[in-house]
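Comments concern the structure below.
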Amino acid sequence: MTKEQIDGPRFKRIAVIGGGPTGLAAVKALSLEPAEFSRIDLFERRDRLGGLWYHYGDKSLVKPEIPNVSPSQQEITSDNATPADEYFSAIYEYMETNIVHQIMEYSGVDFPVNSKKYPTRSQVLEYIDDYIRSIPKGVAKINLNSNVVSLEKVNEIWHIEIEDTVKKTCVKLEYDAVIIANGHFSNPYIPDVPGLSSWNEHYPNTITHSKYYESPGKFRNKRVLVVGNSASGVDISIQLSVCAKDIFVSIRDQEKPHFEDGFCQYIGLIEEYNYGTRSVRTTDGLVVSEIDYVIFFTGYLYAIPFLKSEKTITDGFQVYDLYKQIFNVYDPSLTFLALLRDVIPMPISESQAALIARVYSGRYKLPPTREMERDYLSELKEKGKGGKFHNYKYPQDVAYCQMLQNLIDEQGVRTPGLVAPIWDESLIKKRSETKAEKNARLENVVEHVKRLRAEGKDFSLLE
Numbered sequence: 001m002t003k004e005q006i007d008g009p010r011f012k013r014i015a016v017i018g019g020g021p022t023g024l025a026a027v028k029a030l031s032l033e034p035a036e037f038s039r040i041d042l043f044e045r046r047d048r049l050g051g052l053w054y055h056y057g058d059k060s061l062v063k064p065e066i067p068n069v070s071p072s073q074q075e076i077t078s079d080n081a082t083p084a085d086e087y088f089s090a091i092y093e094y095m096e097t098n099i100v101h102q103i104m105e106y107s108g109v110d111f112p113v114n115s116k117k118y119p120t121r122s123q124v125l126e127y128i129d130d131y132i133r134s135i136p137k138g139v140a141k142i143n144l145n146s147n148v149v150s151l152e153k154v155n156e157i158w159h160i161e162i163e164d165t166v167k168k169t170c171v172k173l174e175y176d177a178v179i180i181a182n183g184h185f186s187n188p189y190i191p192d193v194p195g196l197s198s199w200n201e202h203y204p205n206t207i208t209h210s211k212y213y214e215s216p217g218k219f220r221n222k223r224v225l226v227v228g229n230s231a232s233g234v235d236i237s238i239q240l241s242v243c244a245k246d247i248f249v250s251i252r253d254q255e256k257p258h259f260e261d262g263f264c265q266y267i268g269l270i271e272e273y274n275y276g277t278r279s280v281r282t283t284d285g286l287v288v289s290e291i292d293y294v295i296f297f298t299g300y301l302y303a304i305p306f307l308k309s310e311k312t313i314t315d316g317f318q319v320y321d322l323y324k325q326i327f328n329v330y331d332p333s334l335t336f337l338a339l340l341r342d343v344i345p346m347p348i349s350e351s352q353a354a355l356i357a358r359v360y361s362g363r364y365k366l367p368p369t370r371e372m373e374r375d376y377l378s379e380l381k382e383k384g385k386g387g388k389f390h391n392y393k394y395p396q397d398v399a400y401c402q403m404l405q406n407l408i409d410e411q412g413v414r415t416p417g418l419v420a421p422i423w424d425e426s427l428i429k430k431r432s433e434t435k436a437e438k439n440a441r442l443e444n445v446v447e448h449v450k451r452l453r454a455e456g457k458d459f460s461l462l463e
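Numbering follows the UniProt record's numbering, with no gaps: position 244 of the sequence shown is 244.
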């Protein structure tokens with residue numbers, strides 16, 4: 001099929017919001033479509049593409065509201081913060097991936113042969129740069145330092161207001177369809193637990209969230225309470241154990257890792273904070289005192305502050321009315337990329353972007369609205385409301401990608417256009433081994449950290 005064989009794209013003017021791994025997948029998919037889009041614009045609020053993996057900005061100049069339980073809450077930013085500081089990335093200095101690079105890859109773009117099995121943040125950014133070079137040139141326009149401040153649909157047209165973060169000027173543009181790829185690592189969730197607000201008032205800057213963590217040095221010889229047991233929580237707790245005096249990790253019993261090597265003490269869920277004694281009490285009655293710092297590893301809220309719609313996001317735990325986790329059921333000109341949790345973002349982004357591009361070009365026909373609504377409600381009933389709705393742990397993530405590819409194949413439009421990674425037996429096997437491999441890696445990291453502590457050395461990544 002050639003461009004001449006298509007009467008014209010369903011939507012001609014496309015805006016992509018976000019210049020990270022997911023937004024870039026959208027741009028590539030659109031650029032490879034055999035359709036004459038009149039405009040494809042990507043807007044990235046920072047001065048470089050790369051999204052989460054672009055590690056830049058001074059985190060110390062920004063702090064969260066405490067507690068932070070609503071997607072409408074705003075961070076507290078220092079007056080002398082630059083846009084780079086205000087929009088800093090949530091990754092930290094000594095970070096490596098928690099999955100092997102072989103299953104992180106986009107279609108047709110391999111990690112360099114000298115990459116670590118678990119790449120560092122800089123290696124991932126270099127890989128993203130390689131992916132950018134694979135995107136056809138001259139089709140889409142990349143707009144850096146461009147912060148979307150307003151997105152609203154009026155009379156079938158999407159009106160977008162863009163702020164130039166350097167010049168501090170604004171421009172208003174019109175589009176037929178919008179792809180939101182702004183990620184979900186911006187608005188930290190910090191639960192409202194009795195005593196937490198008072199603690200923060202009396203001891204400001206002692207309560208934080210993993211988003212604002214950079215390196216272990218600040219916590220040297222301190223007693224640190226870690227709340228939550230996410231992948232980053234385990235990783236950072238191990239880093240802290242090099243220099244912290246004591247580390248207490250508050251988790252549910254079933255969340256304990258398979259290894260217990262003494263780098264921290266596990267305690268139950270916190271039911272009260274007491275600033276007077278700098279102590280916490282757990283649900284099983286344990287009291288831990290003399291705490292210097294509290295770090296929350298409690299995830300993030302979905303937040304799209306520029307979208308003028310109260311129905312799409314309410315409490316921040318779920319994005320509502322989505323067909324196949326992508327298309328707004330009642331208006332498919334609005335789509336979302338990579339809302340899923342516990343997945344491998346890059347391959348899934350391409351799987352989703354490939355379908356979006358075919359819909360927007362007119363090559364793929366979506367079901368009627370009522371059928372999409374039934375599909376959404378069925379998934380909502382099956383998975384449950386809130387955060388559960390977007391959870392796609394293995395093997396659900398693989399099945400999801402296969403389902404999207406099947407949709408494309410059923411209408412006979414696999415080629416031309418972007419073809420996302422195909423989950424064959426070897427790739428699925430590699431995915432199935434991810435958890436066991438990472439646990440083995442963590443055991444080695446713990447031993448490495450023990451040696452560093454015994455030798456009085458600062459933290460360093462295990463080679």
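Glycine is no exception: its CB is placed at the ideal position from the N, C-alpha and C atoms.
Check	Outcome
DSSP-derived helix/strand/coil call for F389	helix
beta-carbon D79 near the ligand HEM non-hydrogen atom, thresh 6 Å	The model depicted lacks the ligand HEM and carries no ligand whatsoever.
Sub-7 Å separation of residue 470 and A177 beta-carbons	As displayed, the chain neither begins before 1 nor continues past 463, which places residue 470 out of reach and without an answer.
Pick from V148, N444 and S186 that is closest to T169, judged by C-alpha positions	V148
Buried versus exposed, by CB contacts within 10 Å (16 or more), R358	buried
Range of the contiguous beta strand (DSSP E) that encloses H159	I157 to D164
Proximity winner among N187, L269, V139 and Y275, relative to T206 (alpha-carbon distances)	Y275
Where L377 falls, given that 16 or more other Cβ within 10 Å makes a residue buried	exposed
Member of S122, Y364 and V16 whose CA lies at the smallest distance from the CA of F336	V16
First through last residue of the alpha helix (DSSP H) which encompasses N200	L196 to H202
Nearest-angstrom beta carbon gap, A338 and S349 [assumed within contact, 8 Å]	5 Å
Classification of G20 by the beta-carbon crowding that lies within 10 angstroms, buried from 16 upward	buried
Residues of its chain near E271, where Cβ-Cβ distance is below 8 Å and the 5 sequence neighbours each way are ignored	V193, P194, R281, T282 and T283
F43 vs Q239 beta-carbon contact at 7 Å	no
DSSP beta-bridge partners of E272	R281
Close Cβ partners of S31 (< 8 Å) along its chain, the five nearest in sequence each way excluded	I40, I135, P136, V139 and A140
M403 to A354 span [Cα, whole Å]	12 Å
Where Y56 falls, given that 16 or more other Cβ within 10 Å makes a residue buried	exposed
Sequence-distant residues of the same chain with beta carbon closer than 8 Å to L340, five excluded per side	Q325, I348, H390, N391, Y392, D397 and Y400
Strand pairing of A15, partner residues [DSSP]	D41 and V178
Helix, strand or coil at P188 [DSSP, three-state]	strand
Selected residue, minimal CA-CA separation from residue 464, among F263, E463 and P83	Outside the shown range of the chain, which is 1 to 463, sits residue 464, and nothing can be said about it.
Backbone CA spacing between E105 and N439 [nearest angstrom]	21 Å
Rounded separation between V109 and G50 - CA only	16 Å
DSSP state of I91 mapped onto helix, strand, coil	coil
For Y213 and N221, the rounded distance between their alpha carbons	17 Å
Cα-Cα separation between P416 and G233, rounded to whole angstroms	42 Å
Assigned exposure category for K211 - 16 Cβ within 10 Å defines buried	buried
Per DSSP, the bridge partner or partners of residue 470	The question about residue 470 has no answer, for the chain in this structure spans 1 to 463.
Assigned exposure category for T97 - 16 Cβ within 10 Å defines buried	buried
V227 beta carbon less than 7 Å from that of F296	yes
Those residues which DSSP pairs with K153 across a bridge	W158
Burial state of T277 (16 or more Cβ within 10 Å)	exposed
Residues bridged to Q265 (per DSSP)	F248
According to DSSP, residues forming a beta bridge with Y300	P188
Boundaries of the beta strand (DSSP E) in which I142 is found, first to last residue	K141 to N143
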